[in-house]
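K.L.:
Okay, handing you the structure first.
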Amino acid sequence: MSQSFTLTDSQSLSDLIVFLSRSGRVLDGSARLMASEGVLAVYTAIFYPRGLLDASPTVLGLRTYALKTPVELDKVVPVRSLLERLKRLESTARDLTQPVQVTVPLEVNTVTWAGISPPKGGWEPHGQTPAAVLEAVARAGIDEVATAIPEGTGELIVEQVRSEVWGRQIDGLEFVPTGAGFAAYSLGFLAGDEPVQLYESGLWTRLSTSRGHVLVRRKPWTLRS
1453 MSQSFTLTDS QSLSDLIVFL SRSGRVLDGS ARLMASEGVL AVYTAIFYPR
1503 GLLDASPTVL GLRTYALKTP VELDKVVPVR SLLERLKRLE STARDLTQPV
1553 QVTVPLEVNT VTWAGISPPK GGWEPHGQTP AAVLEAVARA GIDEVATAIP
1603 EGTGELIVEQ VRSEVWGRQI DGLEFVPTGA GFAAYSLGFL AGDEPVQLYE
1653 SGLWTRLSTS RGHVLVRRKP WTLRS
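The numbering of the sequence shown is this note's numbering, which starts it at 1453 and goes up by one.
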């Protein structure tokens, strides 16, 4: 298993920094790096259940990058540590067209959401929705959470409110919780008038634009017959 990967150029490096920075502002956690057949998939968690009684949906952000050299990689690393390395590389890059080798930080072994792997294939088209719908849902949810959680509120109540707000299904979008809209909006995946394409594979729903993907895992009993 490789301990490093090589991006094709500094533009890819800068794009990865932006993605991880946005994700870190939502949840300062970990990133799963999966590389195979010359492509690096970078997953970050926006929402996931913290316990048996937590009804929060599992919502992941995903960006993919072409690699200069194919490697086999599957590691979960702290976002903050990876970002520090990427920024150091960006600050010393001289030729922006040259490949950039990134050494993977020490792995984290206690990240529960990383044990659930979204499918790599089998995605079936399931319509589309305007980006404006997801943005409106995200903005409304942000306002609702801010109103419902005054300063000094206990962590348990905070988590309950967030689970309730971001776990609701978006009207007219089956199996798409409001948390998916928040993820697409906060990660910068909504691209103006570009519609968001919807796909399904097993228990997973994927929302895709040219800027990235949001993946949602629903409960097993909601699987279509």
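The C-beta atom is built at its ideal place from N, Cα and C for all residues, glycine as well. Since the model is a prediction, treat every value here as computed from it, not as a measurement.
Thinking just about the alpha-carbon of each residue, which of Val1613, Arg1474, Val1597 is nearest to the one in Ser1508?
P.N.:
Val1613
K.L.:
DSSP three-state label for Val1617, please.
P.N.:
helix
K.L.:
Our contact map puts Pro1582 next to Pro1522 with C-beta atoms below 8 Å; I'd like the distance itself, whole angstroms only.
P.N.:
Wrong, their Cβ atoms sit about 37 Å apart, outside the cutoff.
K.L.:
So for Gln1455, helix, strand or coil by DSSP?
P.N.:
Here Gln1455 carries a coil assignment [DSSP, helix/strand/coil].
K.L.:
Alpha carbon to alpha carbon, what distance is there between Thr1661 and Leu1514?
P.N.:
11 Å
K.L.:
Using DSSP's beta-bridge definition, name the partner residues of Val1528.
P.N.:
Arg1484
K.L.:
I'd like the span of the alpha helix (DSSP H) that includes Leu1586, first residue to last.
P.N.:
1583-1600
K.L.:
So, is Pro1629 buried or exposed, given that buried needs 16 or more other C-beta atoms within 10 angstroms?
P.N.:
Counting Cβ neighbours within 10 Å, Pro1629 comes out buried, since at least 16 surround it.
K.L.:
Buried or exposed: where does Ser1456 fall if 16 or more other Cβ atoms within 10 Å of its Cβ makes it buried?
P.N.:
exposed
K.L.:
Does the Cβ-Cβ distance between Pro1557 and Val1528 come in under 8 Å?
P.N.:
no
K.L.:
Taking 7 Å as the cut-off, is the CB of Pro1571 close to at least one heavy atom of the ligand SAH?
P.N.:
Of ligands this structure carries none, so the ligand SAH is not represented either.
K.L.:
Check each candidate in Ser1464, Thr1460, Ser1466, Val1478 and name the one with the smallest Cα separation from Ala1636.
P.N.:
Minimum Cα distance to Ala1636 is reached at Val1478.
K.L.:
Can you name, in chain order, every residue of its own chain whose Cβ lies under 6 Å from the Cβ of Tyr1500, other than the five neighbours on each side?
P.N.:
Excluding sequence neighbours, Tyr1500 sits near Thr1510, Trp1565.
K.L.:
For a quick check, are the C-beta atoms of Ser1454 and Gly1574 less than 8 Å apart?
P.N.:
no
K.L.:
Across which residues does DSSP place Gly1664 in a beta bridge pair?
P.N.:
Thr1661
K.L.:
At what residues does the alpha helix (DSSP H) containing Leu1548 begin and finish?
P.N.:
First-last for Leu1548: undefined, no H or E at that position.
K.L.:
With which residues is Tyr1678 paired in a DSSP beta bridge?
P.N.:
Lying outside 1453 to 1677, the shown extent of the chain, residue 1678 is not represented and no answer is given.
K.L.:
What whole-angstrom Cβ distance do Val1491 and Leu1468 have, given they're in contact under 8 Å?
P.N.:
Wrong, their Cβ atoms sit about 13 Å apart, outside the cutoff.
K.L.:
Please state whether DSSP places Gly1631 in a helix, a strand or coil.
P.N.:
Gly1631 falls in the helix class under three-state DSSP.
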